[in-house]
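Everything below concerns the one structure shown next.
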Amino acid sequence: MPKFQRIKGTHDILPQDARKWRYVEGVVQEVMQRYNFDEIRTPIFEETALFARGIGQLTDIVSKEMYTFLDRGKKSLTLKPEGTAPVIRAFIEHSLGEKKPVHKLYYISPMFRQENPQAGRLRQFHQFGAELVGSAAPEADVETIALAVDIYEQLGLKKYTLKINSVGDATCRAPYKERLKDYLRPRLDKLCRSCQERFDKNPLRILDCKEEGCRAETAEAPLIIDHLCEDCHAHFEAVKSLLSRLGIAFEVDHRLVRGLDYYTRTAFEILSGALGAQNALGGGGRYDLLAEELGGKPTPSVGFAAGIERLLMVLEKENLLSDFDSGPDVFIATLGEEARRWAVQTARQLRQRGLRVDYDFLGRSLKAQMKEANRSGARFALIVGENELQARKVVLRNLSSSEQETVAIDSLVGELEARLGKPG
RNA sequence: GUGGGCGUAGCUCAGUAGGUAGAGCACCAGGUUGUGGCCCUGGUGGUCGCGGGUUCAAGUCCCGUCGCUCACCCCA
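Numbering-wise (the working numbering), the first sequence opens with residue 86 and increments by one.
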């Protein structure tokens, strides 16, 4: 048992996995670029009040999941539990809205939530996300949804479900909430205990409860979709029709509610059956009121966030993550002191030419060095002893074909580059 | 915060009726005086999560504790 171990809910990403992360992050960046989203990087921590204000004091995230601490100046700081509030804070702080009306921003970042870990749920986890800031048009909603979908498509993912809903806005949500509460009030005692708690805090979420009894009780409950104001209704219809035009399959789920308070109108989630209990790959929606809430000018916006760990779990399950092993171009195996010194020098020379080169650091036998070369996945081995040095030649062995030949040291670089297909 | 499962070599695990630990893989060395992948031989490696108790004797029984994991809740 090691003396120190990683703290609960965190993961070390070891080299073999790091390759998979780099691949996924690369695809994310590439698709983001196609949609002309630009990267933004915000700090790992923020003033606590930013999240309390932005996400909502009553949400689970803020009320019980944040990593909050005091700095030496007794200021309350919080490790970011989500990405949208920080991005909007930066947007306001740097007056980006004054420079041009619409900003398309994306991020890839760790997030922190102090929950009990389980499959697909960590305390430090990673999200990529995008925010389209400054447009109220339904095209903007569709832009972010299509972007999310295309990232999954680009990764080869087939089995996922897109669910969408509208949660209304300032004019229609409050009245609907009251109607819903009126409906639920007489049935309150038949609901599960957590739903009874939700009644005051977040009644909309009761519709999303998985309890058999609650589902039955709410089967006939009024749905927000039937109580949207005219503008919200038109917006939702436009979003749906644009999605259809793009051939993006979706399910309307009138019970879909998101856990962060800032959402208005469009809300969506992307689910995967391959995940277990935590089945949301990503989610997002429109948040037209957030910028004002954070002290900025009214700035209608949409965005989404998606979990990288969950995505990797699914890709792994679907067998979409293979062939990431690769070894050096050349492994130098030596015999004798003089040859070892030559290897140090030659390795650097080759590396400066752009080749990936490695050699032995343990002073082992030639046989052990060859074994190491094989294990490393190297394409070529360079075998060098006193004989070769005297003759100014080296043995160049192709490790997959087992063919080898003697090459003059002076023409080594050219010979290697020719065989590796690299530009000389 | 609550509940279930699990904690034996680097990894995956076995361990019978309690008698102070094994396999496969990996690793190292040799079989080839200067050459890998297969094969053969040998070797390194374990306070059996930790603490306490029962017992002549505990990985094996009892209690506690910590950790991991899955689930509830919530969400990525």
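Cβ atoms here follow ideal geometry from the backbone N, Cα and C, with glycine treated the same way. Fair warning: this is a prediction, and the values are worked out from it, not measured in the lab.
Would you say residue i and residue j are within 7 Å of each other, going by their C-beta atoms?
i: leucine 440; j: alanine 466; result: no
i: arginine 371; j: arginine 350; result: yes
i: alanine 215; j: phenylalanine 122; result: yes
i: valine 429; j: leucine 435; result: no
i: isoleucine 129; j: leucine 345; result: no
i: phenylalanine 176; j: serine 251; result: no
i: leucine 229; j: glycine 388; result: Here residue 229 is threonine; the residue named in the question, leucine, does not match the sequence. The answer is yes: Cβ separation under 7 Å.
i: isoleucine 393; j: histidine 179; result: no
i: glycine 205; j: arginine 395; result: yes
i: isoleucine 98; j: leucine 247; result: no
i: leucine 375; j: lysine 286; result: no
i: leucine 207; j: glycine 94; result: yes
i: leucine 481; j: valine 492; result: yes
Our contact map puts residue i next to residue j with C-beta atoms below 8 Å; I'd like the distance itself, whole angstroms only.
i: alanine 390; j: glycine 361; result: 19 Å between Cβ atoms; not a contact.
i: valine 469; j: alanine 424; result: 5 Å
i: glycine 168; j: glycine 219; result: At roughly 17 Å, the Cβ-Cβ gap does not stay under 8 Å, so glycine 168 and glycine 219 are not in contact.
i: alanine 458; j: phenylalanine 416; result: 4 Å
i: threonine 127; j: valine 187; result: Incorrect: roughly 19 Å between the Cβ atoms, too far for contact.
i: phenylalanine 213; j: tyrosine 192; result: 7 Å
Sorted by chain position, which residues of the same chain lie with C-beta nearer than 7 Å to residue i's C-beta, five sequence neighbours on each side aside?
i: phenylalanine 136; result: Val147, Met151, Thr163, Pro166 and Ala170
i: isoleucine 494; result: Arg477, Lys478 and Val479
i: alanine 221; result: Asp373 and Pro385
i: glutamate 377; result: Pro383
i: aspartate 226; result: Val324, Thr351, Arg371 and Val387
i: alanine 259; result: none
i: lysine 105; result: Leu397, Leu406 and Phe409
Could you give the DSSP three-state label for residue i: helix, strand or coil?
i: histidine 188; result: strand
i: threonine 169; result: helix
i: lysine 478; result: strand
i: glycine 509; result: For glycine 509, the pLDDT reaches just 45, beneath the cut-off of 50, and the residue's location in the model is therefore unreliable, leaving the point undetermined.
i: leucine 497; result: helix
i: glutamate 488; result: coil
i: histidine 318; result: helix
i: glutamine 101; result: helix
i: arginine 126; result: coil
i: glutamate 178; result: helix
i: arginine 438; result: coil
i: methionine 151; result: coil
i: arginine 343; result: coil
i: phenylalanine 89; result: coil
i: proline 195; result: strand
i: glutamine 430; result: helix
i: glycine 37; result: Nothing about residue 37 can be reported from this structure: the residues present for the chain run from 86 to 509 only.
i: alanine 334; result: coil
i: glycine 214; result: strand
Just to confirm my understanding: we take residue i, look at its own chain, exclude 5 residues before and 5 after, and list those with CB closer than 8 Å. What are they?
i: proline 307; result: Tyr261, Arg264, Leu265 and Tyr268
i: leucine 300; result: The question names leucine, but residue 300 is arginine in the sequence shown. Closer than 8 Å at Cβ, skipping near neighbours: Cys294.
If I measure Cβ to Cβ from residue i and keep anything under 6 Å in the same chain, skipping five residues before and after, which residues do I get?
i: leucine 289; result: Val342
**OP:** Report the residue ranges of all beta strand (DSSP E) runs contained in full by the region 235-311; include only those spanning at least 3 residues, in chain order.
**Re:** 246-251
Subject >> Uninterrupted beta strand (DSSP E) stretches inside the region 353-384 (no shorter than 3 residues) >> reply: 365-371
Subject >> 4-residue-minimum alpha helix (DSSP H) runs that sit fully inside the region 378-422, ordered along the chain >> reply: 393-402
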